[in-house]
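Asker: Could you have a look at this structure, given as structure tokens, before my questions?
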Amino acid sequence: MSTHPVPLHRRPRGSWTGKAVVNAVLALFACYTLMPLAWLLVASTKDRGDLVGTGGFTFADFHLLTNLGDLFGHDDGIYGRWLLNSVLYFGAGCLASTLLSTAVGFAFDKYDFPHKEKVFGLVLLGVLVPGAVLVLPQYLLASRAGLDNTYWAVLIPLLVNPFGVYLARVFSEGYVPGEVVEAARMDGAGEWRVFRSVGLPMLAPGFVTLFLFTFTASWNNFVLPLYMLSDDKLYPVTLGLAIWSKSSQQNPEFSMLTVVGALVSVVPLVVAFVCLQRFWRSGLTAGAVK
1 MSTHPVPLHR RPRGSWTGKA VVNAVLALFA CYTLMPLAWL LVASTKDRGD
51 LVGTGGFTFA DFHLLTNLGD LFGHDDGIYG RWLLNSVLYF GAGCLASTLL
101 STAVGFAFDK YDFPHKEKVF GLVLLGVLVP GAVLVLPQYL LASRAGLDNT
151 YWAVLIPLLV NPFGVYLARV FSEGYVPGEV VEAARMDGAG EWRVFRSVGL
201 PMLAPGFVTL FLFTFTASWN NFVLPLYMLS DDKLYPVTLG LAIWSKSSQQ
251 NPEFSMLTVV GALVSVVPLV VAFVCLQRFW RSGLTAGAVK
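Numbering (full-length UniProt numbering), first residue to last: 1 to 290.
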């Protein structure tokens, strides 16, 4: 049977049609995804009058710098405090959550203990439970412990991530050979040393991927801070913007602050993905060619 490639002029026309359809669908989804961001960028350059008096994607006089000054100067810089709170909640909190999930996933993969698979099954059950369902019980527990309306009320629930444990186990199976772990133990390394010096460096791409997933989901989390916090100085940026958006119905000044604040709140996500995309793309292939 001949193995020569089919000349271009003799290749089925349907293959080109299929590629065109796929590219068209991808372009449509890209436009759908980027359109809100494009509108946000254009709207942030306008003043309040142009925001309601011009088309959504029509540029007017450039007021972005003025809008940024108004945003960070409003109410003694409360927006800047919200940004710092978000970095604490969803930056430091998600970093700790990712480290904990990675350690637990590594343990599920590399250690044998009684009823391991049954315990892991319980972890998978946790993946199936929507996070919003757990918010009220978490609030009641935090209230009984005296932690409601504190930073800990948001930070502690973020540490528990069943999906992160599952994903970390998959990464450990794909990135860390059991022979390397056994060799480290034979060289006299303790279990903590094995994880810290052998497992964690080899899991770096998976660690970054898991951190990005957790960071993005947590940054967009609105329900948990809404239940846990009543002091506006403890709000993350998502909750603060929601309060401003609701207030804009009575005070139009907040409409411009909400638009510009939403644009600024996207920047940390973009920076995180741009800086860590090399690890993220390699982490997504973990276990694909095991």
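Ideal Cβ placement from N, Cα and C applies to all residues, glycine included. Because the structure is a prediction, the values reported are computed rather than measured.
How long is the line joining the alpha carbons of Leu-40 and Pro-157, rounded to whole angstroms?
Answerer: Between Leu-40 and Pro-157, the C-alpha separation is close to 31 Å.
Asker: What residue from Tyr-151, Ala-189 and Phe-195 has the CA that sits closest to Ala-107's CA?
Answerer: Comparing Cα-Cα distances from Ala-107 to each of Tyr-151, Ala-189 and Phe-195, the minimum goes to Phe-195.
Asker: Count the other CB atoms, across all protein chains shown, that sit within 10 Å of the CB of Leu-26; report buried if there are 16 or more and exposed otherwise.
Answerer: Exposed, since its Cβ has fewer than 16 Cβ neighbours within 10 Å.
Asker: Please report how far the alpha carbon of Glu-117 lies from the alpha carbon of Val-165, in whole angstroms.
Answerer: Rounded to the nearest angstrom, the two C-alpha atoms are 13 Å apart.
Asker: Of all the CB atoms in chain C, is at least one closer than 8 Å to the CB of Cys-94?
Answerer: No chain C is part of this structure, which consists of one protein chain only.
Asker: Taking 8 Å as the cut-off, decide whether the C-beta atoms of Leu-234 and Trp-244 are in contact.
Answerer: Cβ atoms of Leu-234 and Trp-244: not closer than 8 Å.
Asker: Thinking C-alpha only, which one of Ser-44, Phe-222, Gly-56 and Ala-43 is nearest Gly-131?
Answerer: Minimum Cα distance to Gly-131 is reached at Phe-222.
Asker: Buried or exposed, going by whether 16 or more other CB atoms sit within 10 Å of the CB of Cys-31?
Answerer: Answer is exposed; the Cβ neighbour count stays below 16.
Asker: Can you check which of these residues, Cys-275, Gln-249 and Phe-215, is closest to Ser-86 by C-alpha distance?
Answerer: With distances taken between Cα atoms, Ser-86 lies closest to Phe-215.
Asker: Give me, in chain order, the residues of the same chain whose beta-carbon lies closer than 7 Å to that of Leu-100; leave out the 5 immediate sequence neighbours on both sides.
Answerer: The residues are Leu-159.
Asker: When you compare the CB positions of Leu-28 and Ser-44, do they come within less than 8 Å of one another, or not?
Answerer: Contact flag unset, no.
Asker: Kindly indicate which three-state DSSP category Asn-149 falls into: helix, strand or coil?
Answerer: Correct three-state label for Asn-149: coil.
Asker: In angstroms, rounded to a whole number, what distance separates the CA positions of Val-198 and Pro-236?
Answerer: In a straight line, the C-alpha of Val-198 is about 36 Å away from that of Pro-236.
Asker: What is the C-beta distance between Asn-149 and Asp-231, in whole angstroms, given that I count them as a contact (C-beta under 8 Å)?
Answerer: Confirmed, Cβ separation roughly 6 Å.
Asker: Assign Cys-275 to one of two classes, buried (16 or more other C-beta atoms within 10 Å of its C-beta) or exposed (fewer than that).
Answerer: Cys-275 comes out exposed.
Asker: Which of helix, strand or coil does DSSP assign to Phe-273?
Answerer: DSSP places Phe-273 in helix when its eight states are reduced to three.
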